[in-house]
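A.B. asks: To start, I am sharing the structure in question, which I have written as structure tokens.
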Amino acid sequence: MRLRVSFCRKTAWLALPAVLVLVLCAPASAQRRIAIPGPPAEMTQWLDRGLQLESAGQWGEAVSHYEKALRRFPRDPGLEQHFNTSRLHYNLTRRYADDSFVGIIGRLSLDDALTAYESVLQKIETHYVETPHWRSLVDRGTDCLEVALSERAFLASNLPGVGADRLEAFRLTLRSMLASRTLRSRQDAREAVSAAADLAAAQLGLSAGAVVLEYTCGAAAALDHYSTYLTPAQLTEIYAQIEGNFVGLGIELKMEQGSLVIVRVIPNSPASAGGLHNGDHVLAVDGQSTRELSLDRAANLLQGKEGTIVEVTTMTPGGQPRTLSIRRQHVEVPSVDKARIVDAGSGVAYLRLTCFQKTTCRDLDAALWELYRAGMRSLIIDLRGNPGGLLVTSVDVADKFVDQGTIVSTRGRSAREDFTYSAHANGTWRVPLIVLIDGDSASAAEIFAGAIRDHRRGTIVGQRSYGKGSVQGIFPLGRFEAGLRLTTARFYSPNGRAYSRVGVEPDVIVRQAAKPVDGSPVAVADDAVLRAALEMAQQQLAQR
């Protein structure tokens, strides 16, 4: 089974492992400044901040920071190197905070681990959007293993008490051994990784499962920013995101300057009923301080079986700490938020699409008919912060507003990945349309915005979108319980323009000085982008 998805990145909901972000190579010991061309003062500021985050071991924040820097300085090799280094560390700390991953290591024999590795290589060879380079896949696995040998979580789990001298001697021997091997096929890659596992067992006493899984993760990470190995828990989380439901509290978390912050509380969730609020800082979970915890470790503490109770200590900025007891329950994640009439006099309606999941079309239909009955004559759709979702859902949503022509096309290495998705006239809403986007509108959100723009079906307002132009397939790895997210195609606008690293350029650029808080009521006066869209909608209606 394979699902075609176009998720971009980042935050996830609790019941979840935590945020998703991406990247690749070089061990932590290589924390040196890399020469970077570009405006010296601005680049130095970006790099200095990134190095501070690396030194503090705040890998998730470092990844996000370098990701933003690369949007400012695309394809800069120095920033790419730091981004990739941070990504390797971040992904490893996520894996070793994930019991579903750690539990597999001890159960894997060398043959089982190599079978899992070859399964990943086979899927890459068959489905990846470009022809794989076998040397790069193995080298990235070696990068992953070297980073692991510098991380406390890996060493504590697999090599307690092994000294730095032995680790360094192993690194040198491993690099030398692999450099002498010919790597031109999938079989060559398997044999090289088998030899690496044998060497690690002989010199360090390291288990085959721990070694080969690092090479497995490295093979996926070597491809691009979006392809990745998925632990069993991460695979479950992906399916929950697609379905739009899970068991948990219903909060979105992020790390901000070393503090765990609630970005958003889902309406009608246990967290909402229990008294948690957007912007609250999470200080402790069941009495355990979050100060020294990674985002994933804190998220794991908040997870649990349906019906169980978790104690969460939070503090609203400027307030006093408080401890709340909240029952973990089934949570439905709404994909349509804040649907309402924002100007009753002219009939301007507003709704926010938070993602593109299986329930989005159902939720959107219900919201549109409710707004229609309330007097909707014009519609503002807010895609700001929308990270994407299912490709087919973005097509179905665009089809509700575009009556004919191409919505999006995909092209892959294999002809079976080439599709053209077209609109159908039946069921099209003719209401005047304005779409809001920003730098966090990505993937499936860009497919929708790009279709509206190219067909001149509405006006795009805000800031240039993220620029994520690829489609990922989700491939379960059978009896290994894990999965693989793999880029299988790139997608293009109705006019044939690529989205990757380009995004959707708005018709009207409006910069927002301060971002509205997710989950807050629609406050037009405090939202420059929404205010501009409302004025534009009013003018369009007056001219009809």
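If you read the sequence shown in the working numbering, its first letter stands for residue 6, the second for the next number, and so on.
Glycine included, every Cβ here is placed at the ideal spot set by N, Cα and C.
With 16 as the cutoff for other CB atoms within 10 Å, does L29 come out buried or exposed?
C.D. replies: For L29, the predicted structure reports a pLDDT of 23, less than 50, and the residue's modelled location is therefore unreliable. The matter cannot be settled from this model.
A.B. asks: Between the stretch 339 to 351 and the stretch 373 to 384, do at least 3 Cβ pairs fall closer than 8 Å?
C.D. replies: Yes, the stretch 339 to 351 is in contact with the stretch 373 to 384.
A.B. asks: Determine the burial state of I479: buried for a count of at least 16 other Cβ atoms within 10 Å of its Cβ, exposed for fewer.
C.D. replies: Flag for I479 reads buried.
A.B. asks: What whole-angstrom Cβ distance do L119 and V198 have, given they're in contact under 8 Å?
C.D. replies: 7 Å
A.B. asks: Give me the Cα-Cα distance between L163 and S212, rounded to the nearest whole angstrom.
C.D. replies: Inspection of the sequence shows that residue 163 is occupied by Asn rather than by Leu. Rounded to the nearest angstrom, the two C-alpha atoms are 7 Å apart.
A.B. asks: Taking the continuous alpha helix (DSSP H) assigned at M541, which residues delimit it?
C.D. replies: 533 to 547
A.B. asks: Would you mind giving the Cβ-Cβ distance between P275 and R333, rounded to the nearest angstrom? I have them listed as a contact below 8 Å.
C.D. replies: 7 Å
A.B. asks: How many Å lie between Q57 and E316 at the Cα?
C.D. replies: The alpha-carbon atoms of Q57 and E316 are separated by roughly 33 Å.
A.B. asks: For the 8 Å Cβ check, are there 3 or more pairs between the stretch 394 to 409 and the stretch 444 to 456?
C.D. replies: At 8 Å Cβ cutoff, the stretches touch.
A.B. asks: Leaving out five residues before and five after A245 in sequence, what residues of the same chain have Cβ atoms less than 6 Å from its Cβ?
C.D. replies: F251
A.B. asks: Which word fits Q63, buried or exposed, when buried means at least 16 other C-beta atoms lie within 10 angstroms of its C-beta?
C.D. replies: buried
A.B. asks: Pick out whichever of L395, A61, Q192, N89 has its Cα sitting closest to the Cα of G263.
C.D. replies: A61
A.B. asks: Is F480 helix, strand or coil when you go by DSSP?
C.D. replies: strand
A.B. asks: Ordered along the chain, which non-local residues of its own chain (more than five positions away) have a Cβ less than 6 Å from that of Q517?
C.D. replies: Beyond the five residues adjoining it in sequence on each side, Q517 comes within less than 6 Å, by CB distance, of A533, V534 in the same chain, given in chain order.
A.B. asks: So is L27 buried or exposed if we call it buried at 16+ other beta carbons inside 10 Å?
C.D. replies: Note that L27 has pLDDT 23, beneath the 50 cutoff, so the model's placement of it is unreliable and the number below is only indicative. When all chains shown are included, L27 counts as buried.
A.B. asks: Compare the Cα-Cα distances from Q543 to each of A379, S351, R484 and report the closest residue.
C.D. replies: S351
A.B. asks: Quick check: A456 and S475, are their CB atoms within less than 8 Å of each other?
C.D. replies: Contact: no.
A.B. asks: DSSP state of S446, grouped into three classes?
C.D. replies: coil
A.B. asks: Am I right that Y95 and G65 are in contact with their C-beta atoms under 8 Å? What's the rounded C-beta distance?
C.D. replies: By a beta-carbon distance limit of 8 Å, Y95 contacts G65. Their separation comes to about 5 Å.
A.B. asks: Leaving out five residues before and five after S105 in sequence, what residues of the same chain have Cβ atoms less than 7 Å from its Cβ?
C.D. replies: T236, P237, A238
A.B. asks: If you draw a straight line from the alpha carbon of K15 to that of P165, how long is it in whole angstroms?
C.D. replies: Residue confidence is low: K15 scores 38 on pLDDT, short of 50, so the model does not pin down where it sits. Its coordinate-derived value is still stated next. Straight across, the Cα-Cα distance linking K15 with P165 is about 32 Å.
A.B. asks: For V336, collect the residues of the same chain with a Cβ closer than 8 Å to its Cβ; drop the 5 residues on either side in sequence, then sort them by chain order.
C.D. replies: Correct list, in chain order: W18, A20, N250, F251, V252, G253, L254, G255, I271, S274, P275.
A.B. asks: Can you tell me which residues form a DSSP beta bridge with N250?
C.D. replies: E337
A.B. asks: Consult DSSP for Y234 and reduce its assignment to one of helix, strand or coil.
C.D. replies: The answer is strand: DSSP assigns Y234 an E or B state.
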